[in-house]
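Residue numbers (numbering that gives the first Met the number 0), protein chains in the order written: chain S, 0 to 198; chain V, 0 to 156.
The beta carbon of each residue, even a glycine, is placed where N, CA and C say it ideally should be.
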Amino acid sequence: MKDKSDSELVQATRKGDENAFKELVERYQGRAYWVAFNMLRNREESIDIAQEAFLRVYRSLDRFDIKRNFYTWLYQIVTNLSIDHLRRKGVSKSVSLDAVGDLDGGHGRPGDGIEQRELREKVRDVIDKLAPKYKAVVALRDIEGLSCKEIARIVGTSHATVRWRLHRARMIFRKLWEKEESLKDTDLDDGGENEDELL
Amino acid sequence: MNCSDAKKLLTLFAGGDLEEAEFTRVNEHVASCPECGKLLASLRADRELVASLKSSGPEPPSFGEFWDGLSEKLAPEARRRLLRKYLHRAVRAATVAAVLLVAVVFLFHVGDDKKQPVESSVEEGVIWIESQTENQQPGLELEECELCVDSNREYDF
């Protein structure tokens, strides 16, 4: 089963082979989870979205065009479900640094220091402020490393629109990050003054 | 290319998302413009920050955990799929049976066409009987049975 291509597994599932579908899930559950997590930033919600995406895949398997990439289709479903979820929740939620420990769940990369983890949470805070359509292209291009053409197929738009959204998203990120940095500098300056006063 | 044009493409340049021709033009401009060069460095740093998020965060569930959750959601769907499959087969079988039935009825009907309709057959039968009785010769009359003869006999009491 492991050596079979995605399309072979899809065809086998259509014929009622449950193990073929299980293999597809095993192959892509991690990626589906991370795509959802990069947009939702919540483990349980991301698992739910990934499972819902596989459920929809299972339901629509008979209509799937075997010439298409399976993972592009899966990413498309995960991304759309995540965008819908964000819209239902009222777009972005701001997460304080106090919650970083809980969000990261103590599962950062091995060898990560607290500073690195805090820095990544700050980056996520800034990305959270982006509108869902910008967040989607940033997650798929800058985090997952997909090409603009693949993203165009996933989000169902043109290559030019993806490039435009990427440009806008990166510019907004730049401005927000600059603001974040200047706030940090101000905090440090204030901290210094206060320390001076204390001394 | 001036700074205004370059700034529209720098974000894509930083991410390696430009076509070759655009890339060359922006590259030439950045090499000679310190301001755009500075912005490009910031954009590249941003991109590295964002890229560092890949696979960072709470670990995804194990496959077993994920599959168990998915199986629960899949169970009714799998049942429906199975039901649809059997229903599809049943409909196919019923269609074949219906076609066969129609074919059999059709064949019998074609055979019946050679015969006369029932009503005309009855009429013909009546005409035939009448003609037989009309044409009956006196000598060919059936002999009366004894009982009939007896029943016609007159008795003196």
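In the DSSP assignment, find the alpha helix (DSSP H) that holds residue i and state where it starts and stops.
i, result
"residue 86 of chain S", "69–88"
"residue 2 of chain V", "2–13"
"residue 136 of chain S", "131–136"
"residue 112 of chain S", "Run containing residue 112 of chain S: none; DSSP gives neither H nor E here."
"residue 43 of chain V", "33–50"
"residue 6 of chain S", "5–13"
"residue 2 of chain S", "Residue 2 of chain S -> no alpha helix (DSSP H), and no H or E assigned at all."
"residue 40 of chain S", "Counting along the chain, residue 40 of chain S falls outside any alpha helix (DSSP H), and DSSP gives it neither H nor E."
"residue 143 of chain S", "No alpha helix (DSSP H) holds residue 143 of chain S; DSSP gives it neither H nor E."
"residue 149 of chain S", "147–154"
Is residue i buried or exposed, if buried means 16 or more other CB atoms sit within 10 Å of its CB?
i, result
"residue 112 of chain S", "exposed"
"residue 10 of chain V", "buried"
"residue 105 of chain S", "Low per-residue confidence applies at residue 105 of chain S: pLDDT is 44, beneath 50, and the placement is therefore not dependable enough to give any value."
"residue 30 of chain V", "exposed"
"residue 35 of chain V", "buried"
"residue 76 of chain S", "buried"
"residue 129 of chain V", "exposed"
"residue 100 of chain S", "Note that residue 100 of chain S scores 38 on pLDDT, short of 50, meaning its location in the model is unreliable and no value can be drawn from it."
"residue 56 of chain V", "buried"
"residue 86 of chain V", "exposed"
"residue 124 of chain S", "buried"
"residue 131 of chain V", "exposed"
"residue 78 of chain V", "exposed"
"residue 28 of chain V", "buried"
"residue 88 of chain V", "exposed"
"residue 36 of chain S", "buried"
"residue 5 of chain V", "buried"
"residue 81 of chain V", "exposed"
"residue 81 of chain S", "buried"
"residue 46 of chain S", "buried"
"residue 40 of chain S", "buried"
"residue 126 of chain V", "exposed"
"residue 20 of chain S", "buried"
"residue 31 of chain S", "buried"
"residue 42 of chain S", "buried"
"residue 107 of chain V", "exposed"
"residue 90 of chain V", "exposed"
"residue 181 of chain S", "exposed"
"residue 104 of chain V", "exposed"
"residue 100 of chain V", "exposed"
"residue 109 of chain V", "exposed"
Would you mind working out which of the options sits nearest residue i, comparing C-alpha positions?
i, options, result
"residue 17 of chain V", "S:179, S:170, S:162, S:175", "S:162"
"residue 13 of chain S", "S:59, S:115, S:35", "S:59"
"residue 66 of chain S", "S:51, S:4, S:145", "S:4"
"residue 6 of chain S", "S:181, S:43, S:70, S:137", "S:70"
"residue 24 of chain S", "V:1, V:62, V:24, V:38", "V:62"
"residue 172 of chain S", "V:41, V:81, V:97", "V:41"
"residue 2 of chain V", "V:83, V:81, V:25, V:104", "V:25"
"residue 73 of chain V", "S:56, S:36, S:79", "S:56"
"residue 65 of chain V", "S:63, S:54, S:78", "S:54"
"residue 86 of chain S", "S:131, S:78, S:159", "S:131"
"residue 59 of chain V", "S:61, S:62, S:50", "S:50"
"residue 26 of chain S", "S:44, S:42, S:2", "S:2"
"residue 23 of chain V", "V:96, V:8, V:91", "V:8"
"residue 52 of chain S", "S:157, S:116, S:181, S:28", "S:28"
"residue 61 of chain S", "V:83, V:124, V:99", "V:83"
"residue 152 of chain S", "S:15, S:72, S:64", "S:72"
"residue 21 of chain V", "V:98, V:0, V:33", "V:0"
"residue 154 of chain S", "S:115, S:179, S:74", "S:74"
"residue 179 of chain S", "S:44, S:68, S:15, S:128", "S:128"
My guess is that residue i and residue j are in contact by the Cβ rule of under 8 Å, so how many angstroms apart are they, rounded?
i, j, result
"residue 199 of chain S", "residue 0 of chain S", "Look at the range of chain S in this structure, 0 to 198, and you will see that residue 199 of chain S is not part of it."
"residue 52 of chain V", "residue 119 of chain S", "6 Å"
"residue 48 of chain V", "residue 122 of chain S", "5 Å"
"residue 14 of chain V", "residue 165 of chain S", "7 Å"
"residue 142 of chain S", "residue 84 of chain S", "That pair is no contact at about 18 Å."
"residue 45 of chain V", "residue 176 of chain S", "6 Å"
"residue 9 of chain S", "residue 78 of chain S", "Incorrect: roughly 20 Å between the Cβ atoms, too far for contact."
"residue 38 of chain S", "residue 134 of chain S", "5 Å"
"residue 168 of chain S", "residue 136 of chain S", "6 Å"
"residue 139 of chain S", "residue 126 of chain S", "Rounded, the Cβ-Cβ distance is 12 Å, inconsistent with contact."
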